[in-house]
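Chains as they are written, first to last, in the working numbering: chain H, -17 to 128; chain S, -17 to 128; chain R, 8 to 402; chain B, 8 to 402.
All C-beta atoms, glycine included, are put in the ideal place defined by N, C-alpha and C.
No experiment lies behind these values; they were computed from the predicted model shown.
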Amino acid sequence: MPIYSDKVMDHFMNPRNVGEIQNADGVGEVGNPVCGDMMTFYIKVKDNRVDDVKFKTFGCGAAIAVSSMVSEMAKGKTLEEVRKITPDMVAKQLEGLPKNKHHCSNLGAQALNKAVDDYLAKQGKGPGVKSRRRQKDEKEATCEEG
Amino acid sequence: MPIYSDKVMDHFMNPRNVGEIQNADGVGEVGNPVCGDMMTFYIKVKDNRVDDVKFKTFGCGAAIAVSSMVSEMAKGKTLEEVRKITPDMVAKQLEGLPKNKHHCSNLGAQALNKAVDDYLAKQGKGPGVKSRRRQKDEKEATCEEG
Amino acid sequence: MTKVYLDNAATTPVLPEVLEAMLPYLREAYGNPQSIHDWGDEVREGIEEARGRVAALIGASPEEILFTSSGTESNNMAIKGLAMAQQSKGKHVVVSAIEHFSVLHSARTLEKAGFELTLVPVDKHGLVHPGEVARSLRPDTVLVSIMWANTEVGTIQPMAEIARVVKESGAVFHTDAVAAAGNIPVDVGQTGVDALSLAANQFYGPKGAGALCVKRGIRILPLLDGGVQEGGRRPGTENVPGIVGLGKAAEMAKMGMPSRMKHLTALRDRLIDGLPSRIDHMMLTGHRTQRLPGSASFCIEFIEGESMLMLLNQKGIAASSGSACTSRALKASHVLTAMGIPVELSHGSLLFTFGIANAESDADHVLESLPPIVERLRKMSPLYDKFLKQERGGK
Amino acid sequence: MTKVYLDNAATTPVLPEVLEAMLPYLREAYGNPQSIHDWGDEVREGIEEARGRVAALIGASPEEILFTSSGTESNNMAIKGLAMAQQSKGKHVVVSAIEHFSVLHSARTLEKAGFELTLVPVDKHGLVHPGEVARSLRPDTVLVSIMWANTEVGTIQPMAEIARVVKESGAVFHTDAVAAAGNIPVDVGQTGVDALSLAANQFYGPKGAGALCVKRGIRILPLLDGGVQEGGRRPGTENVPGIVGLGKAAEMAKMGMPSRMKHLTALRDRLIDGLPSRIDHMMLTGHRTQRLPGSASFCIEFIEGESMLMLLNQKGIAASSGSACTSRALKASHVLTAMGIPVELSHGSLLFTFGIANAESDADHVLESLPPIVERLRKMSPLYDKFLKQERGGK
Ligand SMILES: Cc1ncc(COP(=O)(O)O)c(C=O)c1O
Ligand SMILES: Cc1ncc(COP(=O)(O)O)c(C=O)c1O
């Protein structure tokens, strides 16, 4: 009985879109080394769509798989669609996550959103309308448990 | 690892001197059914010696073996010698008793002593000099533990 | 010599299929279930399969099952952990007078910690009457524990009725089903039980493997402090082979229960019906029909239990007794006493418990062997002597 | 694929000889040791032989050994039972900052019951200094518990010196020797220990079998209430096969200890010496020489433990980690933190623990497999990225 689903294992072993985008249109970083999870997302935007996405992640197997899955889900989507990617959707696409690893799926969605924020800010469009969820997320600066 | 020594088992399986003496010279009864141990000793005395001895015992394996051993130890001894049979001597002759069965060896020596008392009383000689230990024993009317 | 084991209440043998299921976990599947690698994954799978099987045996959900080291540990955790977790609601606990010491003494420990304890009496058959349970309940009663079946006299309690009474009061209801689970139908959902203790070695599983079922929503404090095993509720490296053996035994018990019960009931009744016609001055203890299938328990007058056991052993027969001499503390059985059996009679307690490996011939061996043993010990007994003399005098 | 088990700290495999010794007690010798018949006698003999063997392993007398279900249970019983039994003398307890949770959390439970607790610090090698222990002692200190060796970083404590300091104060001295007993020489008599916990599955015995040694004259309260087993100090039907397996494992450990230690030390040193020359930015954790023979523990910078374990597992290697992610509670290792290792570094904890079945080629497999894994994860790591950029910037 492995801890992780086959889908998580696949994305962990063969993570999609690992790397960095030089001159990215938006960069989002969440987590910190003290908490044991840190993700940086890079996006290229074209015609209001995520044209390319890359990530770097420090963290457990779930954190890496989540990053990979989020990057795949984001690719080609409009920025509005990207905003609608929820942690639950990520977990579901990964065929479930262990209870104590759910916070990883939060982090993934957050990092992507932050990259979009960054893109919009650079465009002088301001951070756009943040979802209520994201505002709440940002308040949680201490390490999440479970 | 049997609870009882071979000697105890021998005396339990083949108890010596079981029974009753009609017109015994002395009868001693100790213990009571509520406590789960009861012994009655019968003696015939000849020339100040225990000429014959019989017993009946209600109780555990140790109680029966102790009774048998005490009866054997008493046979042929002078009354003074009988008075000197201690519980420890009985336990030793039986190659040891489990800790929580030591009170059985007390009962055996007590019952025999009571039979001697009874003999002396019937002879009009009074109960004779009771050992201090026996006086103490008699005070303990409640069931002994361990 | 014929060897006849009739002490299945003390412990049952391990079924070959159960051992077979355990062996891989004593050989190649040696990982720690908490580990993050194949060795751990493999073993975790074995444990979760066992959890499902135990749950299925008693009509619970897998996540309601905690594995422990024995019925005693399950009972300690239940009594202390449930009462302590509810103590803000009240500090009164109710248990029956015939509970196993692991329940009774745990309740005494609660008393020392400031709880009040009420013992529910039983009738002469060892039955707890739901009305008596109701009478014992108070507004501050937080926990009631009544055993499902009694090992020593075989009596099975009217659990559903008792559960109903307890549930109405809002107290948590625990049952010690160590003697019952795996031997008779036990369903926590149907019966309305909040927590239940069981042990593998009572139904052909290994020693050292118990379980505690705690229904969802019922709060309990752990007995052991430590790591993360069993969701932190029962820490300590899991006894993996024991747990797997418990699971297999549970599966087999569920499957085989009707035929096992039929087989055992016939053997038990052969003794219950056959012995009194061969031996005078003996009585059945416990209820005649509401009793464990394999259990035939008696009190025999004028003689003592341990000496009977020793002579039975010489005939190759294993049995047990609630006599004071057979208890290390040399105390008369609190179960027999609570049923109103005089102490002097309780010393003559004798218990035969059949297992699935026994046959009719085993019962017959007892029917033949016991009468001469009783006769032999009575001949030695000053009590029997007195009885006979009184009887003769009376005539 | 080569399968290399290097997680012997989590649990060891059961030796075939140990299983062989257990099997009769899972088959024909199924009696309950408390029973009064041949079936009981036979089993009692097995238990008492095991008690003697465990006593011999640690320089104790057989009657000083109590059997439990795990190291966790032994530690719970020791910490709670010893402190509670001495509480009339004082209510202060001392444990080290790097104890296993079964000690640490038991001590916290004592705090809730009105005791005061002092945690003794360790140095950067994980060593408890006897002087620090002395400093923590007070007139009302009744119990000190310092683990013999630490599982996570391998460090072995100067037990005799610590024991001397504690004994002078009159407090009771317990040690959690779960990681030590059976693996390195442990002698309670020579060392001056009052109580000691151990567990079979740490030295090639079965899971579910622990022991607590309590020296004659030391008072302890039981953790479990119930029947008469283990002299009433640890009631519950005995885990007979587990106990017998523990005994056999103890006998074999005593006999084989010098050669086992030599073998394991060579393997461990192969990793400790070989890995840092292949991987930058990693450090050994624990003491370089005063450490468990089979233990090689490290922290690797910029990457996280669980992901290393998962990639090692893909290469057939079982290891473990003290990383927060690998703990269910997602807390950084309190052991590494107490040693002054920064939390971000502790996430990269990695522990290889050799067992007697391992060979040089197993160490070599790690030496080959780990560097590319570290490289792969660092390539993904934003922390490594930042580090490289800073370094480049710095140049
Ligand atoms: C030092 C130490 N103490 C106690 C324990 C707990 O032992 P168990 O898991 O057998 O309960 C462990 C477990 O690994 C340990 O390493
Ligand atoms: C009814 C009942 N409860 C509890 C126990 C204790 O179980 P264990 O000996 O497995 O600890 C027993 C043991 O026979 C029992 O019969």
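Can you give me the C-alpha to C-alpha distance between glutamate 63(S) and glutamate 313(R), rounded to a whole angstrom? 32 angstroms
Would aspartate 369(R) pass as an interface residue toward chain H - the criterion being a Cβ-Cβ separation below 8 angstroms? no
For the putative contact between asparagine 246(B) and serine 76(R), defined by C-beta atoms under 8 angstroms, what is the C-beta separation to the nearest angstrom? 7 angstroms
Chain S contacts from the region 39 to 51 of chain B (Cβ-Cβ distance under 7 angstroms): Ile43, Asp48, Arg51
Beta strand (DSSP E) runs contained entirely in the region -6 to 72 of chain S, provided each spans 3 or more residues: 8 to 14, 19 to 28, 31 to 40
Assuming serine 103(B) contacts valine 129(B) (C-beta within less than 8 angstroms), just tell me the rounded distance between them. 6 angstroms
8 angstroms Cβ cut-off: residues of chain H touching glutamate 421(R): Past the edges of chain R, shown from 8 to 402, lies residue 421(R), and the structure says nothing about it.
Using the DSSP secondary-structure output, state which residues sit across from arginine 298(R) in a beta bridge. Thr162(R)
Which listed residue (Thr296(R), Thr182(R), Gly199(R)) has its alpha carbon closest to that of glutamate 175(R): Gly199(R)
Return helix, strand or coil for leucine 150(R), following the three-state DSSP convention. strand
Between aspartate 194(R) and ligand 2, is there a pair consisting of the residue's CB and a ligand heavy atom that are separated by less than 7 angstroms? no
Roughly how many whole angstroms lie between the Cα atoms of serine 330(R) and histidine 44(B)? 15 angstroms
Checking contacts by CB at 8 angstroms: is isoleucine 310(B) closer than that to chain H? yes
For lysine 98(B), the nearest candidate out of Met387(B), Ala114(B), Ala184(B) (CA to CA): Ala114(B)
Mind checking whether the beta-carbon of glycine 78(B) lies closer than 7 angstroms to any heavy atom of ligand 1? yes
How long is the line joining the alpha carbons of isoleucine 67(S) and isoleucine 25(S), rounded to whole angstroms? 15 angstroms
Where alanine 326(B) sits in the DSSP three-state scheme: coil
Do three or more CB pairs link the region 109 to 125 of chain B to the region 159 to 173 of chain B at distances below 8 angstroms? no
Closer than 8 angstroms, CB to CB, is aspartate 392(B) near chain R or not? no
Can you tell me the Cβ-Cβ gap for valine 127(R) and glutamate 118(R), rounded? I've got them flagged as a contact below 8 angstroms. About 16 angstroms; that fails the 8 angstroms criterion.
Would you identify the three-state DSSP class for isoleucine 72(B), choosing helix, strand or coil? strand
Rounded to whole angstroms, what is the Cα-Cα separation between aspartate 33(H) and methionine 55(H)? 12 angstroms
With DSSP as the reference, please indicate the residues paired to glutamate 7(B) in a beta bridge. In the structure displayed, chain B extends from 8 to 402; residue 7(B) sits before or after that span and is not available.
Within 8 angstroms (strictly less), CB to CB, does lysine 96(S) reach chain D? The question asks about chain D, but that chain is absent: this structure's protein chains are H, S, R and B.
Any idea if lysine 36(H) is buried or exposed, counting beta-carbon neighbours within 10 angstroms, 16 or more meaning buried? buried
Contacts around methionine 29(B), its chain only, beta-carbon distance under 6 angstroms, and the 5 residues preceding and following it disregarded: Pro248, Val251, Gly252
In chain S, what lies closer than 8 angstroms to proline 389(R) by C-beta? Glu11, Met20, Met21, Thr22, Lys38, Thr39, Phe40
Do methionine 315(B) and leucine 357(B) have their C-beta atoms closer together than 8 angstroms? yes
Let me check understanding here. Comparing Cα to Cα, which of Arg298(R), Thr158(R), Leu299(R), Asp280(R) lies closest to methionine 290(R)? Asp280(R)
Against isoleucine 46(S), what residues of chain R qualify as contacts under a CB-to-CB distance less than 8 angstroms, listed in chain order? Ser314, Met387
Check: alanine 45(S) C-beta below 7 angstroms from any heavy atom of ligand 2: no
Please state the DSSP three-state secondary structure of histidine 372(B). helix
Residues bridged to methionine 289(B) (per DSSP): Ile307(B)
Skipping 5 residues on each side, what residues in its chain have a beta carbon closer than 7 angstroms to that of proline 15(S)? Phe40
Counting only C-beta atoms, is valine 16(S) closer than 8 angstroms to chain R at any point? yes
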